[in-house]
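> If you read the sequences in order, they're chains A and B.
Residue 462 in the numbering used here sits at position 78 of the first sequence, and the numbers go up by one each step.
Residue 59 in the numbering used here sits at position 5 of the second sequence, and the numbers go up by one each step.
Beta carbons: idealized from backbone N, C-alpha and C, even for Gly.
It should be emphasised that the depicted structure is a prediction, and the values quoted were computed from it without experimental measurement.
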Amino acid sequence: MLSSLDISTSALVAQRTRLDAVASNIANMSTLRDENGDPQPYESRFVIFQTDDTLKTRNGAVGVKVASVETSKHKPNLRHEPNHPLADENGYVAYPHVNMTAEFVNALTATRAYEANVGVIETTKAMGAQTLRILA
Amino acid sequence: MNVSGVNLQSLAAASPASPGQKAAGAEAQQPFKDLLLKSLNEVNDMQVNADKAVNELLTGGEANMAEVFTAVQKADISFRMMMQIRNKLVQAYQEVKDIRI
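1. With distance defined between alpha-carbon atoms, name the residue in A/Asp422, A/Leu516, A/Tyr476, A/Val450 nearest to A/Arg429.
2. Within its chain, find whatever has a CB closer than 6 Å to the CB of A/Arg402; leave out the 5 residues flanking it on each side and keep chain order.
3. Please report the residue range of the beta strand (DSSP E) in which A/Ile432 lies.
4. Taking 8 Å as the CB-CB limit, is B/Thr113 close to chain A?
5. Quick check: is the beta carbon of A/Ala520 nearer than 8 Å to any beta carbon in chain B?
6. Please identify the residue among A/Asp390, A/Gly447, A/Val477 whose C-alpha is closest to the C-alpha of A/Pro469.
7. Taking buried to mean at least 16 other C-beta atoms within 10 Å of its own C-beta, is B/Ala80 buried or exposed?
8. Give the range of the beta strand (DSSP E) segment to which A/Arg531 is assigned.
9. For A/Arg463, report the span of its beta strand (DSSP E) as first-last.
10. I'd like to check one pair, A/Met413 with A/Thr508: are the Cβ atoms closer than 8 Å?
11. Compare the C-beta of A/Arg400 against all C-beta atoms of chain B and say whether one is closer than 8 Å.
12. From what residue to what residue does the beta strand (DSSP E) around A/Ala451 run?
13. Taking a contact to mean a Cβ-Cβ separation below 8 Å, would you say A/Gly521 touches A/Asp390 in this structure?
14. B/Lys142 CB to nearest chain E CB: under 8 Å?
15. Check the Cβ of A/Val446 against every Cβ in chain B and list those closer than 8 Å, keeping chain order.
16. Please go through the same chain and pick out, in chain order, the residues whose beta-carbon is closer than 6 Å to the beta-carbon of B/Lys128, but skip the five residues on each side of it.
17. So the alpha helix (DSSP H) A/Ala478 belongs to, where does it begin and stop?
18. Under 8 Å by Cβ, that's how I've got B/Arg140 and A/Leu516 pegged, so tell me the actual separation to the nearest angstrom.
19. Reducing DSSP to helix, strand and coil, say where B/Arg140 ends up.
20. Measuring CA to CA, which of A/Ser388, A/Ser392, A/Ala520 is closest to B/Ala120?
21. Roughly how many angstroms separate the alpha carbons of B/Asn98 and B/Asp130, rounded to a whole number?
22. Going along chain B in order, which residues have a C-beta closer than 9 Å to the C-beta of A/Asp436?
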């Protein structure tokens, strides 16, 4: 019974990481330099999950963990802004390709998945309380 | 997380009043007292873990809220389970005490 609590918690942690990625993508939608200050448009982050068998139960139920955070393969958006300090020789500035619609849908699914897992935790708690009534 | 201290097979193995089960659980036999102490220790460990997690959360450590709350919840459930078992034991003791001789 308590292992299903752990499994649900692993999902909560994972979904929160996904929401962090969405926050990062939206926050950096107009970031033109990387962490070293070099001109390099931000690339959207994608969180990849994998099953986590450190939480494996006897019956084969497994938890989830973040496998990796990958960056988008999409090319940056080129905008013609010849007077921009970061414009290339043709007058184009590379802006990050962040798909707002996709990000918000991602945020919504992450939130709903989080809610669903909290729901599972509540059910587990209720089941535990019911089980204790056998002995009471 | 395991609560193997209270799994049914080891309970059956620990109880002398289960004929026919002796052969199966011969090596897994352990006194009920050990079983009780073991689960008591597990409950205590969980309380300590929950305490640690809450401390870490409140002092701005690396703790994740969901994990902390789960630790607290697990500690709560296992503690209530232990209390139920304790209540049952005390009740059994009272029954025996009230036998008139």
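In short, the structure shows the following:
1. The closest CA to that of A/Arg429, considering only A/Asp422, A/Leu516, A/Tyr476, A/Val450, is found on A/Val450.
2. Val431, Ala494
3. Element bounds for A/Ile432: 429-436.
4. no
5. yes
6. A/Pro469 has its Cα closest to that of A/Val477, out of A/Asp390, A/Gly447, A/Val477.
7. Model confidence at B/Ala80 stands at a pLDDT of 49, short of 50, so the residue's coordinates are unreliable and nothing is read from them.
8. Residue coverage of chain A in this structure runs from 385 to 520, which leaves residue 531 of chain A outside it and unanswerable.
9. 461-464
10. With respect to the 8 Å criterion, A/Thr508 and A/Met413 are not classified as neighbours on the basis of their beta carbons.
11. yes
12. 447-455
13. This structure cannot settle anything about residue 521 of chain A, because the visible part of chain A is limited to 385 through 520.
14. Chain labels in this structure do not include chain E; the protein chains are A and B.
15. Residues of chain B passing the Cβ test: none, with the nearest at roughly 14 Å.
16. Met100
17. Per DSSP, A/Ala478 belongs to no alpha helix (DSSP H); it is in the beta strand (DSSP E), 476-479.
18. In this structure B/Arg140 is not in contact with A/Leu516, their Cβ atoms being roughly 12 Å apart against a cut-off of 8 Å.
19. helix
20. For B/Ala120, the nearest C-alpha among the options comes from A/Ser392.
21. 11 Å
22. Near A/Asp436 there are no residues of chain B at all, since even the closest Cβ is about 13 Å away, more than 9 Å.
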